[in-house]
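Top to bottom, those sequences are chains H and X.
Using our numbering, read the first sequence as starting at 1 and increasing by one per residue.
Using our numbering, read the second sequence as starting at 1 and increasing by one per residue.
By construction, the Cβ of each residue, glycine as well, lies at the ideal position given by its N, Cα and C atoms.
Accompanying notes for the structure given below.
2 protein chains.
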Amino acid sequence: MATVETRGEPLSIGEVAERTGLSVHALRFYEREGLLVGPVRRTAGGRRRYTAVDVDWLLICVRLRESGMPLADLRRFAELVRRGPGNEAERLRLLDAHQRRVEAQIQALEECRSVIAWKVSVYTEHLGRGEAGGLWDPTA
Amino acid sequence: MATVETRGEPLSIGEVAERTGLSVHALRFYEREGLLVGPVRRTAGGRRRYTAVDVDWLLICVRLRESGMPLADLRRFAELVRRGPGNEAERLRLLDAHQRRVEAQIQALEECRSVIAWKVSVYTEHLGRGEAGGLWDPTA
DNA sequence: ACTTGATCTAGACCTCGCTCCAGTTCCTAC
DNA sequence: GTAGGAACTGGAGCGAGGTCTAGATCAAGT
């Protein structure tokens with residue numbers, strides 16, 4: 001996948017924040033919450049050093065979150081991955097279920113869009129007619 | 001619009017809850033928050049009696065909320081409508097801005113969907129090959 | 001009359017997903 | 001060696017959007 005150019009050098013939390021769009025706070029929070037697959041490496045001084053793999057995982061997390069997967073599910077998924085091979089079927093079920101939810105979401109949004117578009121057109125037309133009052137108001 | 005068959009008879013809060021999908025609690029909450037266009041009528045005994053117009057407005061609210069409009073914006077919109085004619089341009093701006101957000105949202109979701117679909121296909125293929133381990137794991 | 005169930009109000013409480021703070025330590029540059 | 005910025009931990013706080021409780025009232029059925 002290699003979605004992000006990291007040239008093998010580990011990244012600081014700030015750099016990862018930039019690359020993923022998550023805040024530094026959120027990154028630490030995700031870690032505390034067990035949303036990462038492995039423990040993040042540390043420098044001698046205790047600072048986090050993220051690898052490209054960490055970042056790729058985070059980018060997936062971001063997509064899953066963006067599409068409304070709750071942190072709890074994300075955590076379950078991370079656990080499965082952490083446990084290693086053997087549970088791929090379960091991971092697939094999880095993803096698949098989420099995919100369906102996303103599709104439902106898109107459809108719902110499209111319905112909303114058309115309702116809104118209709119309303120927008122009602123107003124546009126009304127204004128186009130030069131404020132000719134009388135627009136059926138309470139719900140318009 | 002007449003999205004809902006009400007035959008002119010006012011409805012109780014429970015009936016409106018059924019028709020709009022909002023909970024009875026949420027309906028009272030919305031009212032307190034000034035999200036309705038007019039004050040809801042009451043029976044002698046103090047119970048709310050919703051008209052078809054109220055319900056239509058609520059159905060629009062539901063769509064706007066479903067598509068992520070914050071309650072604050074919904075309140076602003078309700079206020080504009082409450083104030084009566086003359087501010088249609090502002091109402092339009094509000095709706096139009098929201099419409100754009102919805103479109104952006106749909107696009108974002110579609111990107112998420114395709115990322116997820118890709119991941120689903122990785123797993124499906126992997127499982128299809130009969131558990132032939134070696135799936136690049138940490139992010140898979 | 002009595003039971004049952006829906007509604008009423010005011011306000012406390014809840015979940016989610018961060019965000020921010022305090023106080024400290026690390027590191028880089030001058 | 002010192003200043004200044006980034007990162008560290010643990011825990012408190014927050015905003016959104018409801019949800020729920022308590023205790024009372026209303027209304028319909030038997």
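Other residues of its chain near residue i: CB distance less than 8 Å, five sequence neighbours each side excluded
| i | result |
| --- | --- |
| isoleucine 116 of chain X | none |
| alanine 49 of chain H | It is worth fixing the name first, because residue 49 of chain H is arginine in this sequence and not alanine. Only Pro10, Leu11, Ser12, Val40, Arg41, Arg42, Thr43 meet the Cβ criterion. |
| leucine 74 of chain H | Leu35, Cys61, Leu64, Arg65 |
| glycine 8 of chain X | Ala52 |
Where residue i sits in the DSSP three-state scheme
| i | result |
| --- | --- |
| leucine 11 of chain H | strand |
| arginine 100 of chain H | helix |
| arginine 49 of chain H | strand |
| arginine 42 of chain X | strand |
| arginine 129 of chain H | coil |
| arginine 83 of chain H | coil |
| valine 37 of chain X | coil |
Classification of residue i by the beta-carbon crowding that lies within 10 angstroms, buried from 16 upward
| i | result |
| --- | --- |
| tryptophan 118 of chain H | exposed |
| histidine 25 of chain H | exposed |
| arginine 113 of chain X | buried |
| arginine 88 of chain X | Here residue 88 of chain X turns out to be glutamate, not arginine, going by the sequence shown. That one is buried. |
| alanine 108 of chain X | exposed |
| alanine 52 of chain X | buried |
N-terminal and C-terminal residue of the alpha helix (DSSP H) that residue i is part of
| i | result |
| --- | --- |
| arginine 32 of chain H | 24 to 32 |
| leucine 58 of chain H | 52 to 66 |
Beta-carbon proximity list for residue i, same chain, < 7 Å, skipping 5 on both sides
| i | result |
| --- | --- |
| aspartate 120 of chain X | Before going on, a small fix: residue 120 of chain X reads as valine here, not aspartate. For valine 120 of chain X, where only same-chain residues beyond five positions count, there are no Cβ hits under 7 Å. |
| leucine 27 of chain H | Ile13, Val16, Ala17 |
| glutamate 110 of chain H | none |
Own chain partners of residue i with C-beta closer than 6 Å, once the 5 adjacent residues on each side are dropped
| i | result |
| --- | --- |
| leucine 58 of chain X | Thr20 |
| valine 38 of chain H | Inspection of the sequence shows that residue 38 of chain H is occupied by glycine rather than by valine. Same-chain partners within the cutoff: there are none. |
The region 27 to 35 of chain H contacting the region 62 to 79 of chain H, beta-carbon criterion three pairs below 8 Å: yes
Segment contact flag, the region 67 to 74 of chain H with the region 88 to 98 of chain H, C-beta cutoff 8 Å, min 3 pairs: yes
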